[in-house]
Amino acid sequence: MAIIGIDLGTTNSACGILTDDGVKLVPNRLGVTLTPSVVGLDEIGKLVVGKTAKERLINHSDTTVAAFKRLMGTDHKIKLGRQQFSATELSSVVLRSLKEDAEAFLNKEITEAVISVPAYFNDNQRQATKQAGELAGLKVERLINEPTAAAIAYGLHDKREGNFLILDLGGGTFDVSILEFFDGIMEVHASAGDNYLGGEDFVEAMIDSVLEELKLKKSSLKPRELQNLYMQMETAKRRISQQAGQLLKLNLSGREVEWKVTSEWFEKLSTPLLLRAKRPIERAMRDADLPSAKIDEVVLVGGSTRLALFRSMVGRMFGRLPSCHLDPDTVVALGAAIQAGLKEKNSALDDIVLTDVCPYTLGTGIVNEDSPQLGSYFLPIIERNTVVPVSIVRSVCTARDNQTEVCVDIYQGENRLVKKNVCLGELTVPVPKKPKGEEVVDIRYSYDMNGLLEVDVTVLSTGKTFNKLVEFTPGALSERDKAAALEKLAQLKFHPREEEENRALVARGERLYEASLGEQRDYISKLLANFDRILERQNPVKIGKVRAELNKIFDQLDSEDWI
Amino acid sequence: MNPWEILEIDPCNDTRTIKRAYAKQLKQTRPDEKPEEFQQLHTAYKWALKLAEEMEEDAAPREICDYENGAEAEMREATISEHQLNELNKDSSLSLEESTSIRGSANEMVVQSVEATDESPTESTKKKESSRQELTTSTQPVSEEALENQCESEYGQEESTVEELYQEENDPERERKIAEYHKVLGQVGELLQNPREINVEKNWHFLTDTPYMLDEEYNWNLGLSIFEGFARFNQQAIQSSSKGKDQVLIPPNILHYCNGLFDWSGNVSHLYSALDEELCEVIFSALQNDTLEMDPLQGLRGGRKVVRKKVVEPTETYDQYYFGHLLARGIAVLLDLLLIYVAVGFISSIVIMKVYKMPESAATTISLGGCCLLYLVMAWIAESSKFQATPGKYLMGYKVTNKKFERIGYGHGLWRVLSFTLTLLLGKIAWLINCFLGGNLMHDRLSSSHVINMRKSREEYLRRLRGEE
């Protein structure tokens, strides 16, 4: 039985598999390897995923959603039409679609996957990703960090030894990892990142700047205008380095505005984001304790690293050109697929061992007697960039006389005060009444290869151990929630696979129809009506022919390049 | 622990050999299969690398900086890296003292370190430290000069140092950079004199207008000058407000914006070594007390609406549950009735007397009957609500649950109230039977619900956990 590797991205997702003749990317129902991470419901309540959904984002934005990865591990729910979905459920829909693609491609059932997550994802976000896999009917025993996956793909591709700096700037997250590759060992020295920095933020900054200039407010725009603006800015961002001085026609609040996209303008609004990107790089270099001269190769991963500004910044930082000879969009999926093969103990890869680190500090809160108004102090248990799997025990004692319970809060972060770190959960254990300081509990944190944390608390005097009773985790599903979510998702079906190409085409046509006026509009409407008639006749050969023609026409009409 | 034994090689200073040995061992000790052995192996490997480095250094003695020694001593203990942070902090405070003492003879220092940075990079940390120091000393006077007007402080005498430094390199690019730096600082000064404009983030966007922002040297110098300007500004504002005068502070949102651009919080130790502790405190305490939270909704597209699920407190579960006592439940009912009578019944009986001119006894009977009906409605709502109890039961620490000891729904709650009314019809016989049912009364059984003494259940549970049986 095969295990697939999945890159579940903010903007795009991809899926790969290791076969006897190398790593292969799985084409989706449209025949391409990238599936936009967009989910929607159509008029008859069926699920729409990928390109079709992305086309529908413009005109049906209230039933379609994109870039929900950032909400993983939070309690937010998104309303699509009348139903509410959590980010975990939406991700599971994307995963299910990828799973079906892989099943169709390999012609066998798939029940297990390795999913990549940003290295800087916290425990809640990792748990949520794992659960998304389970909701999609995939057993997820292994999560792999995205930069590590990329490094595996590169390491295997090049068979080169040395220190690599991997910069992964995706749609919504930025990750930095420093790895060493030698004798079939892949050792991660340090990881750092920013969970709120990615290509989408550049678009967001462009939009904020445009609206500020035109004295408009985001909330005053109609959803369609806003989504259209997003699409136009995304296109402009992609073309910025080839095409200087693009002229855009923006339709905002009922008036038409011409907007000139100059590289100076883009440069100015990118600067704060690029400065933010520098921080994790500097921190990872500091943590790895490596001088920049010892970095043998700087590798760029993620679609947003195509930005020339980002490249030149990296070039300036390291005094050399970064390399990116594998497709930055799919390299993570390739790496995840290799890891999946490794897990399956594919003989060809038996000689590779991977060691990873925990990218952030994990600890607990301890009573702060000096300045109680600041809240508890943070007591680190596992320091950041400790090699994993690791298991560390620290002892704490009671703070008050006759204390009956000890509450162990589980926190992640670098601040000395717990309230500024991320709460991962808490666990309360009862202790016998004693004068303060006499009761001691051992707190054991075990961090596994997947980046998931397990906590054991032992009360020394009674010898009782309480484990993994993480009673409260934001965004996590209890068994009951999971059953309910499974039932809800089972009600939602995809359209038949073979229809998907037609549906994507119609969705694109509809978007173009709404975006155009006058004669062109009539023309598109006629084309679509004609296509509907042909679809009804159900002659596959004829449909295929017309579809190809229509695609060509739409390519000419469409000025956007955003998928 | 002997690292060489674990790696199964003889002590050597060849890192290549150590790595090869580690790789060989690691393939038998895969981290996912033998986590503990792996940790041991990894510690041995790191330790062996350090030892090898030391041997190398002993062979060819060179200058070793303090930082390395500290780190090595740590590795030898091979404990959790917990101490390493402390050690680092100690080191940075050490360098802090050094640099302040050096500042007096800044002239020489500057020239030296400029040369040092021109050389090929040797020690990353060391280099960074020294380049930071150089920049620190060089900009100190400039920033103060530029901000003189509103800070009312006169420190201009060190000007010659800057001039000299800038003469070191006659690179036109660098001159442009310096000109830009002065220009921007001027703008900052102007903006600071305009108290109404300070707190608008947009007004500060000019800082990113120049591509030099991405230049390490420019960024650090400008950041330092602005940091100092801000600190002095806020310090003065705090002082004058303590005297009763009202002066604007630079608000946290602007501080966070600039912190994002100049990474002050990432360079805490450098800033402390460059400026007075008090000045740094002004800014850092403001940044600390008001943290910037990233909005996860930023960038999310589409969807009709985003709702934040309320965090449901998970109900605790115990291994054993105790039924409520019949007598206590009776008292709870009486308490509830009393509450309703005081709140509603009493007034309504007066109203009935006055308006309908009924005799007092009749009015009281009617309102009492009304109270009983009201009680049933209240019991239904209260017991099905998240409190799971009427006020009387709540006081007793009782909760109404279903057979799985979970909260009952409103439908189930209605059925429970109905069953209660049904048993009431039996009159005194119901009371008699209930006495023998051990807390699980007739209407409880009929509606398959329980009234549980949660307080007792919890206490007993905790007592058992503590092992005090």
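Those protein sequence lines, which keep their order, are chains A and B. Under this note's numbering, the first residue of the first sequence carries the number 1, and numbering increases by one thereafter. Under this note's numbering, the first residue of the second sequence carries the number 564, and numbering increases by one thereafter. Glycine included, each C-beta is placed from N, C-alpha and C at the ideal position.
Using the Cβ count rule (16 or more neighbours within 10 Å means buried), how would you classify residue i?
i              : result
A636 (chain B) : Caution is warranted here: a pLDDT of 43 is assigned to A636 (chain B), below 50, making its placement in the model unreliable, and no coordinate value can be reported.
D101 (chain A) : buried
H325 (chain A) : exposed
G73 (chain A)  : buried
S848 (chain B) : exposed
Y919 (chain B) : exposed
Q232 (chain A) : buried
Y775 (chain B) : buried
S92 (chain A)  : buried
P540 (chain A) : exposed
Y973 (chain B) : exposed
What residues are listed by DSSP as bridge partners for residue i?
i               : result
G162 (chain A)  : A:F181
K77 (chain A)   : A:S86 and B:V870
T364 (chain A)  : A:L379
H1013 (chain B) : B:T964
Y445 (chain A)  : A:I392 and A:V455
D175 (chain A)  : A:D168 and A:G193
W259 (chain A)  : A:L248
Excluding the 5 residues preceding and the 5 following residue i in the sequence, name in chain order all residues of the same chain whose CB lies nearer than 6 Å to its CB.
i               : result
E187 (chain A)  : E180 and T355
G786 (chain B)  : F825
A337 (chain A)  : G5, G16, I17, L18 and V23
G955 (chain B)  : A895, L898 and D899
S1011 (chain B) : K966
M618 (chain B)  : N576
L165 (chain A)  : I178, I295 and V298
Taking the Cβ atom as the reference point for each residue, do residue i and residue j lie within a distance shorter than 8 Å?
i              : j              : result
L300 (chain A) : L167 (chain A) : yes
V429 (chain A) : E405 (chain A) : yes
L248 (chain A) : W259 (chain A) : yes
G137 (chain A) : L169 (chain A) : no
L557 (chain A) : L517 (chain A) : no
T64 (chain A)  : L135 (chain A) : no
G335 (chain A) : A190 (chain A) : no
M449 (chain A) : D839 (chain B) : no
K949 (chain B) : R970 (chain B) : yes
P328 (chain A) : S61 (chain A)  : no
P280 (chain A) : G172 (chain A) : no
L755 (chain B) : N766 (chain B) : no
M564 (chain B) : A607 (chain B) : yes
L424 (chain A) : V408 (chain A) : no
T52 (chain A)  : E500 (chain A) : yes
R864 (chain B) : L57 (chain A)  : yes
Y744 (chain B) : N782 (chain B) : no
Considering only residues of the same chain and omitting the five flanking positions on each side of residue i, which have a CB-CB separation below 8 Å?
i              : result
K46 (chain A)  : L492, K493, F494 and H495
S391 (chain A) : R444, Y445, S446 and Y447
V117 (chain A) : L8, Q125, R126, T129, L143, I144, N145, E146 and G451
R625 (chain B) : Reliability fails at R625 (chain B), whose pLDDT of 48 lies under 50, so the model's placement of it is uncertain and no value is given.
S323 (chain A) : E297, V298, V299 and L300
L860 (chain B) : V869
Leaving out five residues on either side along the sequence, give the residues of the same chain with a beta carbon under 7 Å from the beta carbon of residue i.
i              : result
I996 (chain B) : M1005
S97 (chain A)  : T35, V49, G50 and F494
N421 (chain A) : F378, Y411, Q412, G413 and N415
Please tell me whether, using a cut-off of 7 Å, the distance from the CB of residue i to the nearest non-hydrogen atom of the ligand MN is below it.
i              : result
G413 (chain A) : This structure simply doesn't include the ligand MN, nor any ligand for that matter.
In chain order, what residues of the region 66-83 of chain A put their CB closer than 8 Å to some CB of chain B?
A66, A67, F68, R70, L71, T74, D75, H76, K77, I78, K79, L80 and G81
Mind listing which residues of the region 233-265 of chain A have their C-beta closer than 8 Å to chain B's C-betas, in chain order?
none
Which residues, in order along the region 755-778 of chain B, keep a beta-carbon less than 9 Å from a beta-carbon of chain A?
K765, H768, L770, T771, D772, T773, P774, M776, L777 and D778
Anything in the region 390-404 of chain A with a Cβ closer than 9 Å to a Cβ of chain B? List those residues in chain order, please.
V390, S391, I392, R394 and T404
Under 8 Å (Cβ pairs) to chain A, residues found in the region 588-602 of chain B
Answer in chain order: L589, K590, R593, P594, D595, P598, E599, F601 and Q602.
Output, in sequence order along the chain, the residues in the region 268-284 of chain A whose CB is closer than 8 Å to any CB in chain B.
Here the close residues are K268, L269, T271, P272, L274, L275, R276, K278, R279, E282 and R283.
Beta carbons nearer than 7 Å to chain D: which residues of the region 174-193 of chain A have them?
This model lacks chain D altogether, as its protein chains are A and B.
Positions along the region 961-983 of chain B whose CB lies within less than 8 Å of some CB in chain A
none
Contacting positions in the region 106-126 of chain A - beta carbon closer than 9 Å to chain B:
none
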